[in-house]
Amino acid sequence: MSSTFILSLDQGTTSTRAILFDTAGIEVASLSEPLQQYYPGDGEVEHDASEIYAAAVKVLRGVLEMAGRRASEVAAIGVTNQRETIVVWDRKTGEPVGRALVWQDRRTAPACEALRAKGVEPRVTALTGLLLDPYFSGTKLAWILDSQPGLRARAEAGELLAGTMDCWVIWKLTGGAVHATDATNASRTLLFDIHAQDWSDELLDLFRVPRGLLPRVLNCADDYGRTLPEFLGGAIAIRGVAGDQQAALMGQGCIRPGEMKATYGTGCFLLLNTGETAARSSARLLTTVAARLDGKATYALEGSIFVAGAALQWVNEGLQVPGGGAEVEALARRARPGHGVTLVPAFTGLGAPWWDPEARAGLLGMTRDTGIPEIADAAFEAAAFQTRDLIEAMRLDAPAAFGPDAELRVDGGMSRSAWFCQKLADRTRTPVGRAAYEETTALGAALFAGLGCGIFATPADAASARPQTTRLSPQGDSEAADQAYAGWLRAVSRIRSDA
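Take the position in the sequence shown, starting the count at 1, then add 40; the result is the number in the working numbering.
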C-alpha cells in the first residue's frame with residue numbers, strides 16, 4: 041500500500057492537534073485535544089508534559105481512525121510546537137522531574153535582570169539574536185535545575201535530559217531512542233549560537249546548563265527516528281520539525297529573502313525571511329533561524345505584538361459588546377470616517393519595536409460624538425498600525441530583503457476578515473496575501489516532513505503544495521495613510537512609560 045499521506049502534530053499552548061494531509065497539502069482530517077494550564081503563582085505558567093505526551097498519542101491515533109487510514113499509508117510525521125516551553129525528565133524512567141515551564145512564564149525575570157546588570161546582554165544577542173528575557177528557555181532551564189535538591193547534580197551526572205515540547209514528544213514516541221530537536225527550536229533557548237549552529241559553551245557556562253542535558257540539533261527536514269509500532273498500529277518515520285512560527289513561515293511559502301508572514305491571534309508574530317544573512321536589528325527585533333536544511337541555515341527577523349486579537353476581546357468583555365470578533369467588526373464598519381480615535385492596546389506593555397513593559401493602554405482622540413463603533417474600529421486599526429511599526433523597523437534593519445514585490449502573508453483568526461486584511465494593506469501600504477488555508481503552522485510541519493521523506497525534492501516543491509493566497513493591494517491615498525500613521529506614533533509617545 042502506497043504512503044500517500046503526511047501526519048502533522050501541532051503541539052500548541054492551549055491544545056494539541058493532529059492533522060492528516062495528502063501529498064498535495066490538502067487537509068484530510070483533523071483532531072484536537074485541549075491542554076490544561078497551571079498557574080501556581082503570579083506570572084507563573086506551567087504545563088504537564090505527561091499530559092502533552094498522552095494527548096499527542098491520542099490525537100495522532102484518533103485522526104488516523106477518523107480518516108480510516110493505516111500507519112502504512114503515512115509517509116512521515118512532522119512536528120511543530122510552542123517554541124520556548126521547556127521540560128526536564130529522567131533519562132531512565134522517562135518521567136518529568138516537574139511541570140514544564142511555559143514560554144509565557146515570567147518567574148526568571150529577576151535572573152534576566154541580574155545578567156543584564158552585568159552587561160552581558162550585547163554578547164548574548166550577538167551569539168543568539170535574542171534579548172535577555174524570561175520568554176526564552178535558558179533561564180527557565182537553570183531555574184528547574186535549582187528548584188529541587190539534587191537535580192543539578194543529577195543533570196551533571198548525565199541522569200537527566202531536557203528539551204522543548206518537540207524534543208519531549210519525539211523522545212516519548214520513539215521509546216527514548218531519539219533525543220533531538222531542530223535548529224529553529226534550539227535558536228530560541230539562549231543557549232544556541234545561531235552562527236556556528238551549535239550549542240555554545242560560553243552560553244552554557246553563563247546560564248549554568250550542563251551540555252549533557254541537551255538534545256542533538258538536526259535539520260528541519262531530517263531523520264528523527266520512528267514511532268513505536270504500538271502507538272499508531274505501525275511504525276511511522278518522523279521526518280520534519282520546526283517551531284510554530286517558523287513552521288507557519290514554511291506553511292505560507294515564505295522560503296525566499298524578503299518574503300514575510302504575520303500570524304494574528306491573541307497577539308501577532310511577524311517574521312521576515314532574510315535568507316543566509318542573520319540581520320542584526322537596531323530596533324531590538326529578534327534574529328532567529330528561519331529553517332535549516334541540509335546543514336545550511338537561513339534566518340529571519342521576528343517582531344512580536346503583544347495585543348492584536350486581544351484588543352477585540354477587550355471590546356467584547358471590557359465594553360460589554362457580545363458576539364466575538366465578528367460583532368466587533370460589524371460595529372467597526374459603522375464607525376464615522378476620519379473619527380480620529382486611536383487605541384494603543386498596551387494592556388501588558390508594548391512589544392517590538394518599543395519593548396516598553398511598563399507602558400499602559402490609552403484611548404486618545406475622543407470627542408463628544410465618539411461611540412462604541414469608533415472604538416471598535418480603533419481596535420482593528422491598532423493591529424494594522426502595530427504591524428506597520430514592525431515592517432518599518434524591518435525595512436531599516438534589512439533593506440535588501442524588501443523588493444518591489446514585497447507582500448505580507450497573513451493567517452490566524454483576524455485574517456478570516458477580508459475587511460481587516462484590506463485595512464491592513466491600506467495602513468501598512470504593503471500588499472497583503474490572505475491565506476486560503478488557516479492551519480499554516482501544521483501545514484508547514486507537514487511540508488518539512490515531506491521534504492524529509494522525499495515526497496518533495498526541494499523547498500520550492502514543498503511550498504508549491506500549499507493553497508494559494510488572495511492578494512489585496514493597498515487602496516486609498518498614501519499621504520492620508522502616512523498622516524494616520526503619524527497620529528499613531530504620537531499616541532504611542534503619549535502612553536510610553538518614559539513620556
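C-beta atoms are modelled at their ideal positions from N, C-alpha and C, and glycine is treated no differently.
This one's a predicted model, so the numbers in the text were calculated from it and none came from an experiment.
Determine the closest residue to residue i out of the options, with distance taken between C-alpha atoms.
{"i": "Ala-380", "options": "Leu-167, Thr-148, Ala-520", "result": "Note on residue identity: the sequence assigns Gly, not Ala, to residue 380. Ranking Leu-167, Thr-148, Ala-520 by Cα distance to Gly-380 puts Ala-520 first."}
{"i": "Leu-170", "options": "Leu-333, Lys-212, Ser-72, Tyr-339", "result": "Tyr-339"}
{"i": "Ala-217", "options": "Pro-385, Arg-131, Thr-427", "result": "Arg-131"}
{"i": "Arg-324", "options": "Ile-184, Leu-172, Thr-314", "result": "Leu-172"}
{"i": "Pro-80", "options": "Glu-105, Leu-60, Asp-145, Pro-136", "result": "Asp-145"}
{"i": "Tyr-525", "options": "Leu-464, Asp-409, Arg-139", "result": "Leu-464"}
{"i": "Val-97", "options": "Glu-86, Ser-72, Arg-320", "result": "Ser-72"}
{"i": "Thr-407", "options": "Gly-378, Ala-275, Ala-195, Val-160", "result": "Gly-378"}
{"i": "Leu-49", "options": "Glu-105, Ala-116, Glu-342", "result": "Ala-116"}
{"i": "Gly-274", "options": "Asp-186, Val-114, Leu-326", "result": "Val-114"}
{"i": "Thr-56", "options": "Ile-46, Ser-70, Pro-74, Glu-105", "result": "Pro-74"}
{"i": "Gln-292", "options": "Thr-63, Gly-473, Ser-344, Leu-491", "result": "Gly-473"}
{"i": "Ser-344", "options": "Ala-302, Asn-356, Glu-369", "result": "Ala-302"}
{"i": "Gly-215", "options": "Ala-288, Asp-396, Ala-392, Ile-276", "result": "Ile-276"}
{"i": "Gly-443", "options": "Pro-499, Gly-307, Leu-311, Arg-296", "result": "Arg-296"}
{"i": "Ala-386", "options": "Asp-522, Thr-267, Arg-536, Val-450", "result": "Arg-536"}
{"i": "Val-68", "options": "Leu-483, Asp-522, Glu-299", "result": "Leu-483"}
{"i": "Thr-328", "options": "Cys-308, Asp-334, Glu-342, Phe-247", "result": "Glu-342"}
{"i": "Cys-308", "options": "Leu-430, Ala-438, Asp-466", "result": "Leu-430"}
Based on the DSSP secondary-structure assignment, which residues constitute the bridge partners of residue i?
{"i": "Val-127", "result": "Gly-203"}
{"i": "Cys-308", "result": "Tyr-304, Ile-345"}
{"i": "Asn-313", "result": "Ala-340"}
{"i": "Ala-220", "result": "Arg-256"}
{"i": "Thr-510", "result": "Arg-474"}
{"i": "Tyr-78", "result": "Glu-86"}
{"i": "Asp-238", "result": "Asp-233"}
{"i": "Ala-69", "result": "Leu-60"}
{"i": "Arg-449", "result": "Lys-301, Gly-473"}
{"i": "Ile-278", "result": "Ile-117"}
{"i": "Leu-436", "result": "DSSP output for Leu-436 lists no bridge partner at all."}
{"i": "Leu-141", "result": "Glu-86, Ile-126"}
{"i": "Leu-390", "result": "Asp-396"}
If residue i and residue j are in contact, beta carbons under 8 Å, what's the gap, nearest whole angstrom?
{"i": "Ala-20", "j": "Gly-389", "result": "As displayed, the chain neither begins before 41 nor continues past 539, which places residue 20 out of reach and without an answer."}
{"i": "Thr-509", "j": "Thr-120", "result": "That pair is no contact at about 20 Å."}
{"i": "Gly-349", "j": "Gly-453", "result": "5 Å"}
{"i": "Tyr-93", "j": "Trp-143", "result": "That belief does not hold up - the Cβ atoms of Tyr-93 and Trp-143 are roughly 18 Å apart, past 8 Å."}
{"i": "Tyr-264", "j": "Ala-220", "result": "6 Å"}
{"i": "Ala-502", "j": "Ile-46", "result": "That pair is no contact at about 10 Å."}
{"i": "Glu-574", "j": "Ser-455", "result": "This structure cannot speak to residue 574, because the chain is shown only from 41 to 539."}
{"i": "Asp-445", "j": "Ser-321", "result": "Rounded, the Cβ-Cβ distance is 23 Å, inconsistent with contact."}
Note the first and the last residue of the continuous beta strand (DSSP E) segment covering residue i.
{"i": "Val-329", "result": "326–333"}
{"i": "Ala-116", "result": "114–121"}
{"i": "Asp-50", "result": "45–51"}
{"i": "Thr-56", "result": "55–62"}
{"i": "Thr-10", "result": "Lying outside 41 to 539, the shown extent of the chain, residue 10 is not represented and no answer is given."}
{"i": "Leu-403", "result": "402–404"}
{"i": "Gly-492", "result": "That residue, Gly-492, is in no beta strand (DSSP E); its alpha helix (DSSP H) goes 480–492."}
Is residue i close to the ligand GDP? I mean its beta-carbon at under 7 Å from any heavy atom of the ligand.
{"i": "Arg-332", "result": "With respect to the ligand GDP, the structure offers nothing, as it holds no ligand at all."}
Taking the continuous alpha helix (DSSP H) assigned at residue i, which residues delimit it?
{"i": "Gln-286", "result": "284–291"}
{"i": "Asp-263", "result": "Here Asp-263 belongs to no alpha helix (DSSP H), and DSSP marks it neither H nor E."}
{"i": "Arg-194", "result": "191–196"}
{"i": "Cys-294", "result": "Per DSSP, Cys-294 belongs to no alpha helix (DSSP H) and is neither H nor E."}
{"i": "Lys-180", "result": "177–187"}
{"i": "Ala-505", "result": "Run containing Ala-505: none; DSSP gives neither H nor E here."}
{"i": "Val-160", "result": "Unbroken run through Val-160: none, as it is neither H nor E."}
What does the alpha-carbon distance come out to for the pair residue i and residue j?
{"i": "Lys-158", "j": "Cys-152", "result": "10 Å"}
{"i": "Phe-61", "j": "Ala-107", "result": "10 Å"}
{"i": "Leu-529", "j": "Glu-478", "result": "31 Å"}
{"i": "Met-41", "j": "Leu-272", "result": "Here the model assigns Met-41 a pLDDT of 41, short of 50, so the residue's position is not dependable, and the following value carries that caveat. If you take the alpha carbons of Met-41 and Leu-272, they lie about 16 Å apart."}
{"i": "Glu-414", "j": "Glu-421", "result": "10 Å"}
{"i": "Gln-286", "j": "Ala-261", "result": "13 Å"}
{"i": "Gly-516", "j": "Phe-460", "result": "15 Å"}
{"i": "Pro-471", "j": "Leu-200", "result": "49 Å"}
{"i": "Ala-401", "j": "Val-384", "result": "5 Å"}
{"i": "Val-209", "j": "Gln-77", "result": "18 Å"}
{"i": "Thr-125", "j": "Ala-58", "result": "19 Å"}
{"i": "Lys-336", "j": "Ala-318", "result": "12 Å"}
{"i": "Thr-54", "j": "Val-85", "result": "12 Å"}
{"i": "Ala-424", "j": "Val-347", "result": "11 Å"}
{"i": "Arg-534", "j": "Leu-403", "result": "10 Å"}
{"i": "Asp-82", "j": "Arg-147", "result": "8 Å"}
{"i": "His-87", "j": "Gln-122", "result": "11 Å"}
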